[in-house]
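Each residue of the sequence shown is one higher than the last, beginning at 4 in the numbering used here. Glycine included, each C-beta is placed from N, C-alpha and C at the ideal position. All of these numbers come straight from a predicted model, not from anything done at the bench. Down below is the structure, laid out as C-alpha coordinates.
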Amino acid sequence: MNRTLYSMIWMMAIIAFVALIWGTVGYVYADEHPLRRAAFVGGGVLISGWLIVLAAVGIKISRLKARRRASNSDDD
(Lines of atoms letter the chains of each structure in order from A and count residues from 1; the text may use other names and numbers.)
(Lines give C-alpha, C1' and ligand atoms only; values in the text may rest on other atoms or scores of the structure.)
Protein backbone atom coordinates (compact mmCIF):
# COMPACT_ATOMS: atom_id res chain seq x y z
CA MET A 1 0.00 0.00 0.00
CA ASN A 2 1.49 3.34 -1.00
CA ARG A 3 1.68 6.43 1.20
CA THR A 4 -1.11 8.28 -0.60
CA LEU A 5 -3.62 5.50 0.00
CA TYR A 6 -2.45 5.02 3.59
CA SER A 7 -2.82 8.76 4.30
CA MET A 8 -6.24 8.84 2.65
CA ILE A 9 -7.50 5.98 4.80
CA TRP A 10 -6.26 7.62 7.99
CA MET A 11 -7.76 11.00 7.07
CA MET A 12 -11.11 9.35 6.35
CA ALA A 13 -10.95 7.61 9.75
CA ILE A 14 -10.17 10.91 11.48
CA ILE A 15 -13.05 12.60 9.69
CA ALA A 16 -15.37 9.74 10.72
CA PHE A 17 -14.33 10.28 14.34
CA VAL A 18 -14.94 14.04 14.07
CA ALA A 19 -18.34 13.33 12.48
CA LEU A 20 -19.18 11.06 15.41
CA ILE A 21 -18.32 13.86 17.83
CA TRP A 22 -20.41 16.38 15.88
CA GLY A 23 -23.27 13.91 15.67
CA THR A 24 -23.15 13.59 19.45
CA VAL A 25 -23.21 17.37 19.77
CA GLY A 26 -26.21 17.49 17.46
CA TYR A 27 -27.94 14.84 19.55
CA VAL A 28 -27.31 16.63 22.84
CA TYR A 29 -28.38 20.08 21.70
CA ALA A 30 -31.43 19.08 19.65
CA ASP A 31 -34.74 20.27 21.03
CA GLU A 32 -36.86 17.97 18.88
CA HIS A 33 -35.94 14.74 17.09
CA PRO A 34 -32.42 14.29 18.50
CA LEU A 35 -31.57 11.20 16.43
CA ARG A 36 -32.56 12.93 13.20
CA ARG A 37 -30.44 15.96 14.15
CA ALA A 38 -27.47 13.74 15.07
CA ALA A 39 -27.68 11.90 11.75
CA PHE A 40 -28.00 15.16 9.82
CA VAL A 41 -25.07 16.91 11.52
CA GLY A 42 -22.77 13.88 11.68
CA GLY A 43 -23.65 12.77 8.16
CA GLY A 44 -23.05 16.24 6.77
CA VAL A 45 -19.62 16.43 8.37
CA LEU A 46 -18.76 12.91 7.19
CA ILE A 47 -19.88 13.39 3.59
CA SER A 48 -18.27 16.80 3.16
CA GLY A 49 -14.99 15.65 4.72
CA TRP A 50 -14.77 12.49 2.65
CA LEU A 51 -15.55 14.41 -0.54
CA ILE A 52 -12.74 16.84 0.22
CA VAL A 53 -10.30 13.97 0.85
CA LEU A 54 -11.36 12.15 -2.33
CA ALA A 55 -11.01 15.35 -4.37
CA ALA A 56 -7.53 15.95 -2.98
CA VAL A 57 -6.46 12.38 -3.77
CA GLY A 58 -7.91 12.64 -7.28
CA ILE A 59 -6.01 15.86 -7.91
CA LYS A 60 -2.78 14.34 -6.60
CA ILE A 61 -3.14 11.22 -8.75
CA SER A 62 -3.89 13.27 -11.88
CA ARG A 63 -0.86 15.48 -11.23
CA LEU A 64 1.36 12.41 -10.75
CA LYS A 65 0.10 10.89 -14.00
CA ALA A 66 0.70 14.16 -15.86
CA ARG A 67 4.24 14.37 -14.49
CA ARG A 68 4.88 10.74 -15.46
CA ARG A 69 3.59 11.39 -19.00
CA ALA A 70 5.84 14.44 -19.29
CA SER A 71 8.91 12.54 -18.15
CA ASN A 72 8.19 9.63 -20.51
CA SER A 73 7.61 11.75 -23.61
CA ASP A 74 10.22 11.73 -26.37
CA ASP A 75 9.75 15.38 -27.37
CA ASP A 76 13.24 16.81 -26.92
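Taking residue i as part of the alpha helix (DSSP H), name the residues at either end of that continuous run.
i	result
serine 10	6-32
serine 74	37-75
Of all the options the options, which has the alpha carbon lying nearest to the alpha carbon of residue i?
i	options	result
serine 51	Met14, Met4 and Ser65	Met14
leucine 49	Val21, Thr7 and Tyr9	Val21
glycine 46	Met4, Ile18, Arg66 and Val56	Ile18
Could you give the C-beta distance for residue i and residue j, rounded to a whole number, given that I count them as a contact under 8 Å?
i	j	result
threonine 7	lysine 68	That belief does not hold up - the Cβ atoms of threonine 7 and lysine 68 are roughly 12 Å apart, past 8 Å.
Thinking C-beta only, is residue j closer than 7 Å to residue i?
i	j	result
valine 60	methionine 11	yes
Report yes or no: do the stretch 25-36 and the stretch 58-75 share at least 3 C-beta pairs separated by less than 8 Å? Contact between the stretch 25-36 and the stretch 58-75 is absent, because fewer than three Cβ pairs lie under 8 Å.
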